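Below: one structure, written as structure tokens.
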Amino acid sequence: AVEEFVKHMEWPVNSTAEQGSAKFNTAVKFLIPTKYNVFRAIDLYNTHEVNINYC
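Start counting the sequence shown at 332; every next residue gets the next number (my numbering).
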């Protein structure tokens, strides 16, 4: 599910270990509350990003 999330987010695949770890952690952070439903996790992530930009 994490790989699918990263793929759908179109995040670059080749990155440093630290960036890869951050991407993995971000993916898991949004996948867990959605019970690993990738599309719901993407919606949740996008909503989160929009709310941050409005603060």
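All C-beta atoms in this analysis are idealised placements derived from N, C-alpha and C, irrespective of residue type, glycine included.
Note that this is a predicted model, so its numbers are computed, not measured.
DSSP state of residue i mapped onto helix, strand, coil
i      : result
Thr357 : helix
Lys338 : helix
Tyr367 : coil
Ser352 : helix
Ser372 : It should be pointed out that residue 372 corresponds to Ala in this sequence rather than to Ser. Three-state result, Ala372: helix.
Thr378 : helix
Buried versus exposed, by CB contacts within 10 Å (16 or more), residue i
i      : result
Ala348 : exposed
Nonlocal neighbours in the same chain, by C-beta distance under 7 Å from residue i, ignoring five residues either side
i      : result
Ala332 : Leu362, Tyr367, Val369
Phe355 : Val333
Asn377 : none
Ala372 : Phe336, Phe361, Leu362, Thr365
Same chain, Cβ closer than 8 Å to residue i, five either side skipped, listed in chain order
i      : result
Leu375 : Phe361, Pro364, Thr365
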